[in-house]
Structure formats: structure tokens, C-alpha cells
Amino acid sequence: TERSRKLNVDFKFIKGDITSDLIHKRFKENAPFDIALFVGLSGWLPKSELVKHIRWLGQNMQPDGVFVTDSFTANTYSLSGRFVGYKAHYYEPEVYRAIMDFCGFDGLTATQQTGKDRINHVMVFEPHNFAEESAYGTQYFHQTVSPALV
Numbered sequence: 009t010e011r012s013r014k015l016n017v018d019f020k021f022i023k024g025d026i027t028s029d030l031i032h033k034r035f036k037e038n039a040p041f042d043i044a045l046f047v048g049l050s051g052w053l054p055k056s057e058l059v060k061h062i063r064w065l066g067q068n069m070q071p072d073g074v075f076v077t078d079s080f081t082a083n084t085y086s087l088s089g090r091f092v093g094y095k096a097h098y099y100e101p102e103v104y105r106a107i108m109d110f111c112g113f114d115g116l117t118a119t120q121q122t123g124k125d126r127i128n129h130v131m132v133f134e135p136h137n138f139a140e141e142s143a144y145g146t147q148y149f150h151q152t153v154s155p156a157l158v
């Protein structure tokens, strides 16, 4: 938009399947990223695709970049949604932090804001220093989430 140009802010909107190699190739043209938004999406991707995409993103962030994402915890309506065909994935904040940590973001220092309904948890992560391995996310992920995804 005109205002973003005046502020020297560059927005690019790419439409497609964010888990596909083709879209990752298009995303890569603009990497590394200063800010990444992944809000309202985590519950709709299969866990293996979530991990694949977030790991890719973790490897394509600026060292001082910021990743904003959210997770949802199951609530009473989630069972009724399953009956009508919705296949969502719900993550407690601690589990989601561990997944993000495993994928290249610092799960221990992430900030979190939980909504009034206590089911939506918005978190802000910074990338890991890839020179060091994070035992937090790796151990937690292997033990509790799914060893088959690694």
C-alpha cells in the first residue's frame, strides 16, 4: 500500500499451500525474514506438516527476527466439530513451546498472552542460535509429542 511504501515497509502476499516445496521456494526468494506471522494456522496442519514448515521457517529467519504464532487448547465445542468432520490439532502452551523450540525457536524465553476464553494462546518467539542444540524442545518433543516425526 502507499502508506507502507512511505514507511519503507515491503509486504508480499503469496497464495498457496504453505507446506509445499513450491511455496517454500517462493518464500525463500524473500528470506531471511525479520517477522513471521503464523496465527490461526497451527491447529489445521497435520503435526508432521506443522513441524516441517516451522523448521523450515526457523532456518530462514534473521538472527534477531521475531516469530508470532498461536495455539489453541481443546474446549467443549472441539468434540462437536470432530463430529461434523473438522480435524483440528490442539496444543497446550507448554507442548506448543516445545514444538517451536524443536523447530528452531527459543521456547523457554517466548512471551505468551492467553485470551480471556483461556483457549487461545498467542506467543512471540525468537530464533535459536543454531550453533547450540536446545535440549528443552528436543527432549520434550521426543518424549511427549511424536518420535515418528523426527
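Position in the sequence shown counted from 1, then plus 8, gives you our numbering. Built from N, CA and C at the ideal position, the CB exists for glycine as well.
Requested in this report: Keeping to the same chain, check which residues put their C-beta closer than 6 Å to that of Phe-75; ignore five residues upstream and five downstream.
Outcome: For the purposes of this step, residue 75 is taken as residue 67 along the sequence shown, with counting starting at 1. Ala-44, Phe-113 and Phe-133, listed in sequence order.
Query raised in the report: Skipping 5 residues on each side, what residues in its chain have a beta carbon closer than 7 Å to that of Lys-14?
Result: For the purposes of this step, residue 14 is taken as residue 6 along the sequence shown, with counting starting at 1. Correct list: empty, nothing qualifies.
Query - Val-130, DSSP secondary structure in three states - result: If you number the sequence shown from 1, residue 130 lands on position 122. Three-state result, Val-130: strand.
Query raised in the report: Smallest Cα separation from Ser-79: which of Ser-28, Arg-63, Pro-71 and Leu-58?
Result: One-based indexing of the sequence shown puts residue 79 at position 71. The option with the nearest alpha carbon to Ser-79 is Leu-58.
Query raised in the report: First and last residue of the alpha helix (DSSP H) that includes Ser-79?
Result: As a working note, residue 79 is residue 71 in the sequence shown. Careful: Ser-79 lies outside any alpha helix (DSSP H), inside the beta strand (DSSP E) at 69-80.
Query raised in the report: Helix, strand or coil: which one does DSSP assign to Phe-19?
Result: As a first step, residue 19 must be located in the sequence shown, where it is residue number 11. Three-state DSSP puts Phe-19 in coil, outside helix and strand.
Query raised in the report: Can you tell me whether Arg-126 is buried or exposed, with buried defined as 16 or more other CB within 10 angstroms of its CB?
Result: Here residue 126 corresponds to residue number 118 of the sequence shown, with the count starting at 1. So Arg-126 counts as exposed.
Report task. Report yes if the CB atom of Ile-22 is closer than 8 Å to the CB atom of Arg-34, and no otherwise. Result -> Here residue 22 corresponds to residue number 14 of the sequence shown, with the count starting at 1. Here residue 34 corresponds to residue number 26 of the sequence shown, with the count starting at 1. Yes, the pair counts as a contact, with Cβ atoms nearer than the cut-off.
Query raised in the report: Opposite Thr-119 in the DSSP bridges: which residues?
Result: Looking up residue 119 in the sequence shown gives position 111. Its beta-bridge partners are Val-132.
Requested in this report: Please confirm whether Thr-81 and Glu-100 have their CB atoms less than 8 Å apart.
Outcome: Reading the sequence shown from its first residue, position 73 is the one you call residue 81. Reading the sequence shown from its first residue, position 92 is the one you call residue 100. Cβ atoms of Thr-81 and Glu-100: closer than 8 Å.
Requested in this report: Within 10 angstroms of the Cβ of Pro-40, are there 16 or more other Cβ atoms? Answer buried if so, exposed if not.
Outcome: If you number the sequence shown from 1, residue 40 lands on position 32. Exposed is the call here.
Query raised in the report: In the DSSP assignment, what are the bridge partners of Ala-44?
Result: Here the question's residue 44 lines up with position 36 in the sequence shown. Note: Ala-44 sits in a beta bridge opposite Phe-75.
Report task. Decide if Pro-135 is buried, meaning its Cβ has at least 16 other Cβ atoms within 10 Å, or exposed. Result -> Here residue 135 is taken as the residue at index 127 of the sequence shown, counted from 1. Its Cβ being crowded by 16 or more others within 10 Å, Pro-135 is buried.
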